[in-house]
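This report refers to the structure that appears directly beneath it.
Numbering (full-length UniProt numbering), first residue to last: 1 to 200.
Printed below as a string of structure tokens:
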């Protein structure tokens, strides 16, 4: 078992690397390095005596990450970049069908399950396709040209806090204070009990 790369070699990452719980300062499952990034081999070691592990310094991200041999290729080798990655949400740019039957309407949003790349040397820039899971549909293989980024979810407009109803002090004073200027106004405190009995 001999390593393909040596100290100082520039390599390219072929798969997304996520935190498996051993990278400090990042939650488990967080994306550490995106596929396609290049870095330089800083160290070479083994894992379980049957896997070669390279410590690669990715300068753009300023991170040292351990990578397996099958996850790397020489940086100078042909490489086909992709617009989307696994777990990205995408929207159908046009209606997708099979055998004359529409399976996915235009604009339907789905999830990328896998990125498929043809060898870069087969086309001027290679060709990328994706396995996409759309709701209510089986897994479809869709070319990159038929997909767009999914629109951002609409956010509900913030509601203004309800304004408590406050009575007008002037109106309140008018309704609670007897009108002494009106001779017909009745002041409950000035009613004579004897007059009340006589009126009854």
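All C-beta atoms in this analysis are idealised placements derived from N, C-alpha and C, irrespective of residue type, glycine included. For clarity, every value in this text was computed on a predicted model and none was experimentally measured.
{"Query": "By alpha-carbon positions, which one of 153, 128 and 138 ends up nearest to residue 144?", "Result": "128"}
{"Query": "Measuring only the C-alpha atoms, how far is residue 35 from residue 26?", "Result": "18 angstroms"}
{"Query": "Please state the DSSP three-state secondary structure of residue 60.", "Result": "coil"}
{"Query": "Give the secondary structure of residue 204 by DSSP, where H, G and I count as helix, E and B as strand, and everything else as coil.", "Result": "Coverage of the chain is limited to positions 1 through 200, which leaves residue 204 absent and any answer about it impossible."}
{"Query": "By Cβ distance, which residues of its chain are closer than 8 angstroms to residue 93, with the 5 residues on each side in sequence left out?", "Result": "106, 145, 146, 147 and 148"}
{"Query": "So, with DSSP's three-state summary, where would you put residue 10?", "Result": "strand"}
{"Query": "CB-CB under 8 angstroms to residue 73, same chain, minus the five flanking residues each way: which ones, in chain order?", "Result": "11, 12, 14 and 79"}
{"Query": "Strictly by DSSP, which residues pair up with residue 17?", "Result": "33"}
{"Query": "One question on the structure: do residue 56 and residue 64 come within less than 9 angstroms of each other, judged by their Cβ atoms?", "Result": "yes"}
{"Query": "Of the choices 141, 150, 7 and 8, whose alpha-carbon is the least far from that of residue 97?", "Result": "141"}
{"Query": "What three-state label does DSSP hand residue 69 in the structure shown?", "Result": "helix"}
{"Query": "Between 102, 101 and 89, which has its C-alpha nearest residue 113's C-alpha?", "Result": "89"}
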